[in-house]
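Worksheet: one structure, shown below.
Number of protein chains: 2
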Amino acid sequence: MAPSKERLPVMADVARLAGVSHQTVSRVLNDHPNVRAETRTRVLEAIDRLGYRRNLVARALVTRHSRTLGVVSFDTTLYGPASTVYGIEQAARAAGYFVSIVSLTSIDRAGVRDALDYLAEQSVDGIVVVAPQRSAARALADLPSGVPVVAVEGGEAGDVSTVSVDQVAGARLATEHLLGLGHETVWHVSGPSDWLEAEGRVEGWRAALSAAGRRAPEVLPGDWSPRSGYEAGRRLAGMAGVTAVFVANDQMALGVLRAFAEEGVRVPERISVVGFDDIPESEFFSPPLTTVRQDFAAVGRRSIEMLLRRIEAGERWGREAFVVPPEFVARASTAPVRP
Amino acid sequence: MAPSKERLPVMADVARLAGVSHQTVSRVLNDHPNVRAETRTRVLEAIDRLGYRRNLVARALVTRHSRTLGVVSFDTTLYGPASTVYGIEQAARAAGYFVSIVSLTSIDRAGVRDALDYLAEQSVDGIVVVAPQRSAARALADLPSGVPVVAVEGGEAGDVSTVSVDQVAGARLATEHLLGLGHETVWHVSGPSDWLEAEGRVEGWRAALSAAGRRAPEVLPGDWSPRSGYEAGRRLAGMAGVTAVFVANDQMALGVLRAFAEEGVRVPERISVVGFDDIPESEFFSPPLTTVRQDFAAVGRRSIEMLLRRIEAGERWGREAFVVPPEFVARASTAPVRP
DNA sequence: CGGCGTGTTGTTAACGCTCACAGTCTGACG
DNA sequence: CGTCAGACTGTGAGCGTTAACAACACGCCG
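So the protein sequences, as listed, match chains A and B.
If you number the first sequence the way full-length UniProt numbering does, the last residue is 339 and the count never jumps.
If you number the second sequence the way full-length UniProt numbering does, the last residue is 339 and the count never jumps.
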């Protein structure tokens, strides 16, 4: 009640008030079976009266488990990472774990190492690294001592377990869809070359084209931002013979659509466009965007499941790799090629 | 090196190797002035040799400071909250604090209380609540014992300090802009009524209209989602005499634009549209969206500055309220009314 | 040459909790 | 009626760190 400056109640205070030992209080708190029902209620009453809350720091010191998980991420402002982290947080809390977040500003190896060290000091029980850049993935090769780590979109990282969406398959889906509509070939606006996801999408696109015996045109490089998509779109609008474009994410696709609109290029009548991610906005682009959905929430959930398995198994669980399948979403930005 | 299962080195191990007492090691680690230079290097060498990392949990137990800040948020998938949390995280880490995140799924009072309790158990040094709903704000009236709290967009919450963007001013800016273009009146698609931000925008819109002596039309209610904007857009397209719409966020504005496009309503020729937030996509909508920018990163930074001030001042700093001004961004979705 | 401040180091006691172990008290059983 | 398993409860130690204080060496001053 009174916001007493003095000192928060501790277990011993509760014990005194309830007329038991501090150990009995501990037993009640931890649902130990051998406590008389009457004793239990007396303790609970005392806890309530004092507004006692147990000190998890002290507990962590002795149990050597903080019940805290670390998350290392890069730019949680982007829809993908944000959704993944959200999934992680939900799953972790459901399992009774806290989540401590570190957002990277630089993507280099040193940055990742620093973040991992930082979290290790805090004695986290495990770490999820959401770092889809090649450089970040490499930094996982030499991880800190003994803390279980799971990488999201981590690619061929050292011997850490990974959870990822099958980027190659997703890109193939997109490309095959366009090919199936009769387009001679498909152009590609890619993500930054440092990103593993960008690379996987290029690979899937190439694979689909070559499987169909088509020539892969030169890649237009982007950086995930709508602006870079816009710039690529202006270039594409000025080129002859372009009828289909696979853009590596929905934000850039928006930029492409905008550029096409400005140039009077009608979508899908003259050029078909496919995106990637399925952000909530895509459905309301003009025209509604055909895209490939990534289930980020599932990725987050899975990574926690995997991490907890590793934590609870204590030691080496071997290297696992869980792959979440992408899903093709047909909307109005693609159409059969016109003769 | 060898991933020894045994035990991580502790301060005593370092002390033994360096031939000093553990207290001297502690002094070196905490940059205590009175340590001979030669001793210091010997200790640092030992630390390096053993790969020692100090245990912040033990430290927190004795210092009673965890150097961890709690963040309570709601749906960090949305651009606004995500950006704010990002700003918070950056500022906190720069100040040497960890950030522990709790995302709410339910927005009720109990949910907020649970989250605060949860964080209090973990002995966080302070808490930022990003909970712009009326119900969440009310839950702040009775906060836990003794932990400093700062609310983001918290409105008239109890006696906690707040940081917020001036929603009323932003809405007024948007509405006045439209009025200034000669529109007779301005329609409004609002956010969910439970949100303080939605309420502030309605208020600013009303104030601007009535200051200009205009009648405020009926509000079209939305829920921030593009879909709800789309539905409102279809209704507006079917109504006579609508020439200007102020939409409470950019995502809904996208839906409105989509609906208008489908109905053949040209923007801005027949109807002008203004959004709110300035998400990175807005600039590439068709047409590029005139909107009101909120500097979410600044909000996050400010909230941490305020929180740290409260923490370091120890006790009551009195109730502070920092207001971040919004910024009007003119693009192509608005035009003078046609005679 | 004794005393005293200053710089450096060590010793001991917390911090609040859980674990291991040692009781104590029942009731059932021979 | 003694014994013993089992339920319940208490005692002491220890987790790894910092804080408070004590101890020691050194040089300076009176």
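We treat Cβ as the ideally placed atom computed from N, Cα and C, and that holds for glycine.
8 angstroms Cβ cutoff met for residue i and residue j
i, j, result
"B:SER103", "A:TYR97", "no"
"A:THR175", "A:TRP205", "yes"
"B:LEU69", "B:GLY126", "yes"
"A:VAL128", "A:VAL150", "yes"
"A:SER73", "A:ILE107", "no"
"A:PRO268", "A:PRO287", "yes"
"B:PRO148", "B:ILE311", "yes"
"A:LEU173", "A:PRO339", "no"
"B:VAL71", "B:VAL35", "no"
"B:ARG258", "B:GLY233", "yes"
"B:ALA46", "B:ALA92", "no"
"B:LEU78", "A:GLU281", "no"
"A:LEU61", "B:GLU121", "no"
"A:MET306", "A:VAL163", "yes"
"A:ALA237", "A:GLU263", "yes"
Chain A within 8 angstroms of residue i, Cβ atoms only
i, result
"B:SER100", "yes"
"B:PRO3", "Residue placement at B:PRO3 cannot be trusted, given a pLDDT of 36 that sits under 50; what the coordinates show is reported in the next sentence. True, the Cβ-Cβ gap to chain A drops below 8 angstroms."
"B:ASP117", "yes"
"B:ALA120", "yes"
"B:GLU281", "yes"
"B:ALA82", "yes"
"B:VAL86", "The sequence as given places Tyr at residue 86 of chain B; Val does not occur at that position. Yes, because at least one Cβ of chain A sits closer than 8 angstroms to the Cβ of B:TYR86."
Given residue i as reference, the closest of the options once Cα atoms are compared
i, options, result
"B:PHE322", "B:ALA58, B:PRO132, B:VAL152 and B:THR39", "B:VAL152"
"B:VAL299", "B:LEU179, B:ASP223 and B:GLY154", "B:GLY154"
"B:SER272", "B:ARG172, B:ALA335 and B:ARG93", "B:ALA335"
"B:GLY170", "B:LEU29, B:GLY275 and B:LEU307", "B:GLY275"
"residue 356 of chain A", "A:ASP194, A:ILE88, A:ARG338 and A:GLU283", "The structure shown does not extend to residue 356 of chain A, since chain A is modelled only from 1 through 339, so no value can be given for it."
"A:SER193", "A:ARG319, A:LEU236, A:ALA139 and A:GLN133", "A:GLN133"
"A:LEU181", "A:ALA212, A:GLY191, A:TRP195 and A:GLU203", "A:ALA212"
"B:VAL337", "B:GLN251, B:VAL186, B:TYR230 and B:ASN55", "B:VAL186"
"B:MET239", "B:ARG270, B:THR84 and B:HIS177", "B:ARG270"
"A:GLU197", "A:MET306, A:ASP223, A:SER210 and A:PRO280", "A:ASP223"
"A:THR290", "A:ARG302, A:ARG301, A:ASP277 and A:TYR230", "A:ASP277"
"A:MET252", "A:VAL189, A:SER21, A:ASN55 and A:VAL124", "A:VAL189"
"A:SER210", "A:GLU184, A:GLU262 and A:ALA137", "A:GLU184"
"A:HIS65", "A:LEU308, A:SER333 and A:GLU281", "A:LEU308"
"B:ARG7", "B:ALA82, B:ARG27, B:ARG293 and B:LEU50", "B:LEU50"
"B:ARG201", "B:MET306, B:ASP166, B:PRO9 and B:ALA332", "B:ASP166"
"A:ARG42", "A:ALA208, A:VAL20, A:SER26 and A:ALA58", "A:VAL20"
"B:VAL168", "B:GLY318, B:VAL324 and B:ARG113", "B:VAL324"
"A:ARG302", "A:VAL292, A:PHE285, A:GLU320 and A:ARG293", "A:GLU320"
"A:ALA261", "A:PHE285, A:ALA207 and A:VAL130", "A:PHE285"
Short CB-CB distance (under 8 angstroms) between residue i and chain B
i, result
"A:ALA261", "yes"
"A:SER103", "yes"
"A:ASN249", "no"
"A:THR76", "yes"
"A:GLU89", "yes"
"A:GLY241", "no"
"A:TYR52", "no"
"A:ASN30", "no"
"A:ASN34", "no"
"A:LEU308", "no"
Three-way DSSP call (helix, strand, coil) for residue i in this model
i, result
"B:GLY200", "helix"
"A:TRP224", "coil"
"A:GLN133", "strand"
"A:ALA95", "coil"
"B:THR334", "coil"
"B:GLY233", "helix"
"residue 340 of chain A", "This structure cannot settle anything about residue 340 of chain A, because the visible part of chain A is limited to 1 through 339."
"A:GLY170", "helix"
"A:GLY275", "coil"
"B:HIS32", "coil"
"B:PRO3", "Low confidence applies to B:PRO3: its pLDDT is 36, below 50, so where it sits in the model is not reliable, and the reading given next is rough at best. The answer is coil: DSSP assigns B:PRO3 none of H, G, I, E or B."
"B:LEU104", "strand"
"B:PHE285", "coil"
"A:GLU327", "strand"
"residue 340 of chain A", "Here chain A covers residues 1 to 339 and nothing more, so residue 340 of chain A does not appear."
"A:THR84", "helix"
"B:ALA212", "coil"
"A:ALA58", "helix"
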